[in-house]
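Quick notes on the structure that follows.
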Amino acid sequence: MAGEAPELNAQEKAGKAFPVSWDQFHRDCRALTWRLNEVGPFHAVIAITRGGLVPAAIVARELGVRVIDTVCIASYDHNKQGELQVLKGISEAAMKLGNGTGKGLLIVDDLVDTGKTGRMVREMLPDAHFATVYAKPMGRPLVDTFITEVSQDTWIFFPWDTALSYHPPLRDGAA
Ligand SMILES: O=P(O)(O)OC[C@H]1O[C@H](OP(=O)(O)OP(=O)(O)O)[C@H](O)[C@@H]1O
Ligand SMILES: [Mg+2]
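Numbering follows our numbering, in which position 59 of the sequence shown is assigned residue number 569; successive positions increment by one, without gaps.
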């Protein structure tokens, strides 16, 4: 409608960009594992797909955990959050390993932003340990262990969503 402010998506609201390289991400996952090593051992890792798959693989490798399950949740269409959709729940085998409550299980995701996704998985596994590589203030209280906090108005660009590209020099008007 005329005069109404257009709805801003998360990235437009964010404004600040925090690009993460593969190398940085790998180092941050290793740093996360150092902290998790003090908390475990864990019977299994539960990756929140898709973003949690990459850190879950690295963390599981470092911790020597061979059982990895997924909980498949979609909410962001590019950078705008919609309704949460559980596309696949936690498997019966993983549920059994966590005694039905998640005890001894490690949930891994790439980040918490509003915390909606994390909250949903916590409800499924209330006694599990929840770890993310990055955290924004709104989601932070939901996470047991994380490595780097960024402000709520920052948008994190993960290496699997980005590519190297030409950047014009400052004198040609680059920001
Ligand atoms: O704390 P929240 O505001 O809920 O946001 C965090 C979630 O959003 C992203 O997943 P997304 O739904 O984009 O799916 P993807 O992992 O498949 O990219 C990210 O990987 C987290 O899982
Ligand atoms: Mg995700």
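Just so it is clear, CB atoms sit at the ideal spot from N, CA and C, and this is done for glycine as well. These figures come from a predicted structure and were not determined experimentally.
- Distance between Trp-665 and Arg-650, taken at the CA atoms: about 15 Å.
- In chain order, the residues positioned with their C-beta nearer than 7 Å to some heavy atom of ligand 1 are Ile-558, Thr-559, Arg-560, Gly-561, Gly-562, Ile-583, Ala-584, Ser-585, Tyr-586, Gln-591, Asp-619, Asp-620, Leu-621, Val-622, Asp-623, Thr-624, Gly-625, Lys-626, Thr-627, Gly-628 and Gly-649.
- Non-local beta-carbon contacts of Gly-612 in its own chain, meaning distances under 7 Å to residues more than five positions away in sequence, involve Leu-635, Pro-636, Asp-637 and Ala-638 in chain order.
- Comparing C-alpha distances from Cys-582 to each of Ala-570, Leu-563, Ala-567 and Gln-662 shows the shortest one belongs to Leu-563.
- Scanning the region 593-657 from its first residue to its last, the whole beta strand (DSSP E) runs of 3-plus residues come out as 615-622 and 639-645.
- Under the Cβ criterion (8 Å, minimum of three pairs), the region 523-534 counts as touching the region 665-682.
- The three-state reading of DSSP puts Ala-673 in coil, since its state is none of H, G, I, E or B.
- The way I'd put it, the region 564-574 doesn't touch the region 590-604; fewer than three beta-carbon pairs between them come closer than 8 Å.
- The C-beta of Val-622 has 16 or more other C-beta atoms within 10 Å across all chains shown, which makes the residue buried.
- One Cα belongs to Gly-610, the other to Ala-554, and the distance between them is close to 13 Å.
- Ile-578 and Ala-557 have their C-alpha atoms roughly 7 Å apart.
- Measuring C-alpha to C-alpha distances from Arg-576 to each of Pro-551, Ser-675 and Arg-560 identifies Pro-551 as the nearest.
- CA-CA distance, Leu-615 to Met-648, rounds to 24 Å.
- The DSSP-derived three-state label of Glu-548 is coil.
- For Pro-565, no beta strand (DSSP E) run applies; the uninterrupted alpha helix (DSSP H) run containing it begins and ends at 563-573, by DSSP.
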